[in-house]
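First up is the structure itself, then whatever we jot down about it.
2 protein chains.
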Amino acid sequence: MSAFDELMEFARDTQALGEVAGRLGWDQETVMPDGAGPQRAEEMAALEKVLHARRNDPRIGDWLEAIDEAGLDDAGHAQIREIRRARDRAAKVPVALAAELARVTSAAQGKWAEARAGDDFEAFKPVLEEVVNLRREEASALADGGDLYDALLDDYEPGLSGSDIQSLFDAMRPRLVTLRDKALGASNQPETLVGNWAEKKQLKLSTKLAKTFGYDLAHGRIDKAVHPFSSGSGLDVRITTRTSEEDPFNCFYSTIHEVGHACYEQNIDNAYLLTPIGRGASMGVHESQSRIYENQLGRSRAFTGWLFDQMEARFGKTPASDADAFYRMVNRLQKGFIRTEADEVQYNLHIMLRFDLERRLIGGQLDVADLEAVWNERFAADFGYEVDKASNGVLQDVHWSVGLFGYFPTYALGNIYAGCLYDALRKDLSDLDMRLGQGDATYATTWLADKLQQHGTLRNPRQTIEHATGAAVTVEPLLRYLEQKFEGIYF
Amino acid sequence: MSAFDELMEFARDTQALGEVAGRLGWDQETVMPDGAGPQRAEEMAALEKVLHARRNDPRIGDWLEAIDEAGLDDAGHAQIREIRRARDRAAKVPVALAAELARVTSAAQGKWAEARAGDDFEAFKPVLEEVVNLRREEASALADGGDLYDALLDDYEPGLSGSDIQSLFDAMRPRLVTLRDKALGASNQPETLVGNWAEKKQLKLSTKLAKTFGYDLAHGRIDKAVHPFSSGSGLDVRITTRTSEEDPFNCFYSTIHEVGHACYEQNIDNAYLLTPIGRGASMGVHESQSRIYENQLGRSRAFTGWLFDQMEARFGKTPASDADAFYRMVNRLQKGFIRTEADEVQYNLHIMLRFDLERRLIGGQLDVADLEAVWNERFAADFGYEVDKASNGVLQDVHWSVGLFGYFPTYALGNIYAGCLYDALRKDLSDLDMRLGQGDATYATTWLADKLQQHGTLRNPRQTIEHATGAAVTVEPLLRYLEQKFEGIYF
Numbered sequence: 002m003s004a005f006d007e008l009m010e011f012a013r014d015t016q017a018l019g020e021v022a023g024r025l026g027w028d029q030e031t032v033m034p035d036g037a038g039p040q041r042a043e044e045m046a047a048l049e050k051v052l053h054a055r056r057n058d059p060r061i062g063d064w065l066e067a068i069d070e071a072g073l074d075d076a077g078h079a080q081i082r083e084i085r086r087a088r089d090r091a092a093k094v095p096v097a098l099a100a101e102l103a104r105v106t107s108a109a110q111g112k113w114a115e116a117r118a119g120d121d122f123e124a125f126k127p128v129l130e131e132v133v134n135l136r137r138e139e140a141s142a143l144a145d146g147g148d149l150y151d152a153l154l155d156d157y158e159p160g161l162s163g164s165d166i167q168s169l170f171d172a173m174r175p176r177l178v179t180l181r182d183k184a185l186g187a188s189n190q191p192e193t194l195v196g197n198w199a200e201k202k203q204l205k206l207s208t209k210l211a212k213t214f215g216y217d218l219a220h221g222r223i224d225k226a227v228h229p230f231s232s233g234s235g236l237d238v239r240i241t242t243r244t245s246e247e248d249p250f251n252c253f254y255s256t257i258h259e260v261g262h263a264c265y266e267q268n269i270d271n272a273y274l275l276t277p278i279g280r281g282a283s284m285g286v287h288e289s290q291s292r293i294y295e296n297q298l299g300r301s302r303a304f305t306g307w308l309f310d311q312m313e314a315r316f317g318k319t320p321a322s323d324a325d326a327f328y329r330m331v332n333r334l335q336k337g338f339i340r341t342e343a344d345e346v347q348y349n350l351h352i353m354l355r356f357d358l359e360r361r362l363i364g365g366q367l368d369v370a371d372l373e374a375v376w377n378e379r380f381a382a383d384f385g386y387e388v389d390k391a392s393n394g395v396l397q398d399v400h401w402s403v404g405l406f407g408y409f410p411t412y413a414l415g416n417i418y419a420g421c422l423y424d425a426l427r428k429d430l431s432d433l434d435m436r437l438g439q440g441d442a443t444y445a446t447t448w449l450a451d452k453l454q455q456h457g458t459l460r461n462p463r464q465t466i467e468h469a470t471g472a473a474v475t476v477e478p479l480l481r482y483l484e485q486k487f488e489g490i491y492f
Numbered sequence: 002m003s004a005f006d007e008l009m010e011f012a013r014d015t016q017a018l019g020e021v022a023g024r025l026g027w028d029q030e031t032v033m034p035d036g037a038g039p040q041r042a043e044e045m046a047a048l049e050k051v052l053h054a055r056r057n058d059p060r061i062g063d064w065l066e067a068i069d070e071a072g073l074d075d076a077g078h079a080q081i082r083e084i085r086r087a088r089d090r091a092a093k094v095p096v097a098l099a100a101e102l103a104r105v106t107s108a109a110q111g112k113w114a115e116a117r118a119g120d121d122f123e124a125f126k127p128v129l130e131e132v133v134n135l136r137r138e139e140a141s142a143l144a145d146g147g148d149l150y151d152a153l154l155d156d157y158e159p160g161l162s163g164s165d166i167q168s169l170f171d172a173m174r175p176r177l178v179t180l181r182d183k184a185l186g187a188s189n190q191p192e193t194l195v196g197n198w199a200e201k202k203q204l205k206l207s208t209k210l211a212k213t214f215g216y217d218l219a220h221g222r223i224d225k226a227v228h229p230f231s232s233g234s235g236l237d238v239r240i241t242t243r244t245s246e247e248d249p250f251n252c253f254y255s256t257i258h259e260v261g262h263a264c265y266e267q268n269i270d271n272a273y274l275l276t277p278i279g280r281g282a283s284m285g286v287h288e289s290q291s292r293i294y295e296n297q298l299g300r301s302r303a304f305t306g307w308l309f310d311q312m313e314a315r316f317g318k319t320p321a322s323d324a325d326a327f328y329r330m331v332n333r334l335q336k337g338f339i340r341t342e343a344d345e346v347q348y349n350l351h352i353m354l355r356f357d358l359e360r361r362l363i364g365g366q367l368d369v370a371d372l373e374a375v376w377n378e379r380f381a382a383d384f385g386y387e388v389d390k391a392s393n394g395v396l397q398d399v400h401w402s403v404g405l406f407g408y409f410p411t412y413a414l415g416n417i418y419a420g421c422l423y424d425a426l427r428k429d430l431s432d433l434d435m436r437l438g439q440g441d442a443t444y445a446t447t448w449l450a451d452k453l454q455q456h457g458t459l460r461n462p463r464q465t466i467e468h469a470t471g472a473a474v475t476v477e478p479l480l481r482y483l484e485q486k487f488e489g490i491y492f
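In structure tokens form, the structure reads like this:
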């Protein structure tokens, strides 16, 4: 075997073991018996030790040195790029620091959940300080003297810096605020959903929706869980959903969102199965798929017209007075504290708040001690009303407790990328609305599979989007789409 | 850390990774999407590579040498005994042979399934020859000049030889044959179950049965699968069951059987969690638990009286004319080709046939080429009628295709052990029948948990039984129990 083949065999096994770890995570959230937690923690820790040792295996360096890269094709180059990236990151972080981070974030998640339940940021502060300090230490090890926040961000969105993101956000904010203020102040507010929507029928329709968007149930499954997520890659990509009998849209749109993530993983070229490039290109690109499925396609006038008929047929009653009113209902803008419940416009404002705060935390310009006060002040300035309790404010998201600093902006990047992709998709598919109106969302998502999903991590995130759209990434398409859509709805 | 602590930490991680592999097996049989098989095979292979490397890790020998065994307690000694046993076995088998066995048995299982579907032993012969040759080679490596079959048997039932088993079987056969012939020739045959029994109600009652026998659903779950099995140990022990609307006893008694296996694993002392002695002591001891739950307790007159009432209440009709007739029905002896469908008496005769044949195959006195003819001849001699097709004969069991030679006798050993345990249990619990008649099977199984299950592999298999019963293992209690029971039913 050549050095390249040996390295790839090693990498495939590592990737396969990573899939196993992911499957344990799925099991834990869906089917694991309540009392199995302590044992599962030991099983996960044993598997993580194996994965950690493999990521730091000295043979990786030997193989990389021995490989003649001139003889590789594009995919081979990309494999080497991803393996080198992961190896370099792993080599820079001392083993003791990685172990300490794993230990502290594992404990911090439980403390966050308790603190949130009690609306008590003070109780969360000490462990969050530990997490921030450890992540800053890790960032220093990774940054080679460069910016600390950029070093963390690079793990989720390779090639993008904090100042790149700042520029994108600066260009978006004024137009989003204008749009939000106009919509919230408009006199013609959408109808509100009323009544009770049977869980079983929700779950049946959500399975139908998943298929409608091209989700392959021969290589996946749908289960109920507390939080919707997508898990796995390649031939086994599972999603979860949740239901509320008062709010069926929660079920429908979180299903479509997760189907976006899942289709991406399912549609990657099988030649890349269980290899470093056989995964989505970044968190931002991943989110672009879930967002375009959920919003640009799933909340379009054409598709919601079909969904309106489906709901009427399946539940025996209409969710709104007519299909136009239904379209306005599922796109309603309203006041609210919670990021995950926010509409397409305000969602990005929530992200900007978190991005600023976490960048200052990691940069050392903001202390955890002041975080709640700064959050609340900033929220009032951005949204125009006061946070009423910590669970509606600084404690609402799990991310920081598990050390995810640099992750939040990828959600907004996903929206920006989705805007670019939708712009290109509409140009290519002139009969899109007709197809969506017939419930044929696969027509659109096949375009995404062809242009983007099949390539996995063959290219870096930005190149992945630009290869698909044939144009540079800018915020313009997203802003134009939002303005056109919401001006149509509200004015 | 002392050498002992280091070795135990290593062993715990290995055990935890073994649990993960088991969980993947459960996933594959219950919830895995149909199309995920090829990827799962790669994931399992990657995990097996890790486990194989750990079993052969040279540090185990260093730790074992460095440990001062005089300072250990009983559990510590038992841990060392089990670790040394596993290490010695792993060290004796060349890596290339182990890999070849894994490859060939994986392929052979598929070929067996095809051959069975086509009733075509000829199609299975070539791969079975390969399997037998490889296992003989492995046995030679393990046997150190001793008996080949004993070397394989030792993996499933440490400390027992083929001639030990032969003596036990010789003592059983005549009395079992006499009992069988009298029962099959009796004029007062039990009633036959008729009608259709709704699957949902079967599953609900089987969950009730599981709880009745003490299965802890906070550390387990019940799912449907093609074959019933129990999987996992410690805090996460899952079982499966299956249903047939014509034959609810299939569901009920396979559930009780698997609950026996599962309770054993659930009830092991938590101090042994994820350690080498934190598992059942052997296949035979494991089977003694499933068998005593299923047969001595589950098919007793007292318990079936309660079950009769449960069925009447839940299905709205009685399965037999009265509770006595019901008891005779679930204990019916009848002609049949299939081991897994056999009654308590004839089951052991099926095992004896397999034991003789596989012992001669491994010993080199029987060729695979002659196996079908010898099976059929032997079956006619033992049972008095001719095998009609290979799927009812030599192809009925999966075991040999996956290389399980030396495993079959542990099923009959389980029956013998169960006989011993039941004898002791009845002496200790004078009001057993009253409790069973109230559906309180936990009353009996708590005795088993206390006397046997909690100890895991603290002792070797025979000592495990003898510690629980306070008497030597013999076939007498089982034979007396069977004779008393079936003479009561038939004469």
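These protein sequence lines are chains A and B, in that order.
Per the working numbering, the very first residue in the first sequence carries number 2; after that it's consecutive.
Per the working numbering, the very first residue in the second sequence carries number 2; after that it's consecutive.
Quick reminder that beta carbons are idealized off the backbone N, C-alpha and C, glycines included.
Roughly how many angstroms separate the alpha carbons of residue i and residue j, rounded to a whole number?
| i | j | result |
| --- | --- | --- |
| A:L73 | A:Q290 | 30 Å |
| B:K452 | B:S164 | 28 Å |
| A:G147 | B:I68 | 49 Å |
| B:A144 | B:Q464 | 23 Å |
| A:A472 | A:R481 | 16 Å |
| A:H351 | A:I417 | 15 Å |
| B:S301 | B:D325 | 11 Å |
| B:S188 | B:L275 | 53 Å |
| A:R329 | A:F492 | 12 Å |
| A:F214 | A:L426 | 15 Å |
| B:G299 | A:E130 | 58 Å |
Please confirm whether residue i and residue j have their CB atoms less than 8 Å apart.
| i | j | result |
| --- | --- | --- |
| A:A327 | A:K202 | The amino acid at residue 327 of chain A is misidentified as Ala; the sequence shows Phe. No, the pair does not count as a contact, with Cβ atoms beyond the cut-off. |
| B:F487 | B:A172 | no |
| A:G415 | A:R340 | no |
| B:T208 | B:A226 | no |
| A:Q110 | A:V369 | no |
| B:D434 | B:A303 | yes |
| A:G153 | A:I363 | Sequence inspection shows Leu at residue 153 of chain A; the Gly mentioned does not correspond to that position. Yes, the Cβ-Cβ distance between A:L153 and A:I363 is below 8 Å. |
| A:V32 | B:R222 | yes |
Can you list, in chain order, the residues of its chain whose CB lies under 6 Å from that of residue i, leaving out five sequence neighbours each side?
| i | result |
| --- | --- |
| A:P277 | A12, Q80, E83, I84 |
| A:Y444 | R436 |
| A:N393 | F338 |
| B:S162 | D151 |
| B:V128 | A109, K112 |
Round the Cβ separation of residue i and residue j to the nearest angstrom and send it over; I've been treating them as touching at under 8 Å.
| i | j | result |
| --- | --- | --- |
| A:H258 | A:E200 | Not confirmed; about 19 Å, so no contact. |
| A:Q455 | A:I269 | 6 Å |
| A:V346 | A:L206 | Actually they do not touch by this definition, with Cβ atoms about 27 Å apart. |
In its own chain, which residues sit with a C-beta less than 7 Å from the C-beta of residue i, not counting the 5 before and 5 after it?
| i | result |
| --- | --- |
| B:F250 | V331 |
Spatial neighbours of residue i within its chain, please: CB distance less than 8 Å, with the 5 preceding and 5 following residues excluded, ordered by chain position.
| i | result |
| --- | --- |
| B:A381 | E387, V388 |
| B:S245 | N251, C252 |
| A:I466 | V286, S289, Y418, C421, L422, L453, V474 |
Closer than 9 Å, Cβ to Cβ, to anything on chain A: give me those residues from the stretch 164 to 182 of chain B, in chain order.
-> none
What residues from the stretch 17 to 31 of chain B come within 8 Å of chain A, judged by C-beta to C-beta, listed N to C?
-> Residues A17, L18, E20, V21, R24, L25, D28.
Using Cβ-Cβ distances below 9 Å, what residues of the stretch 193 to 227 of chain A are close to chain B?
-> D217, L218, A219, H220, G221, R222, D224
Taking any Cβ of chain B, which residues in the stretch 223 to 252 of chain A have a Cβ under 7 Å from it, in chain order?
-> G235, L236, D237
Could you name the residues of the stretch 47 to 62 of chain B whose beta carbon sits closer than 7 Å to any beta carbon of chain A, in the order they occur along the chain?
-> A47, L48, K50, V51
What residues in the stretch 289 to 320 of chain A have a beta carbon less than 8 Å from any beta carbon of chain B?
-> none
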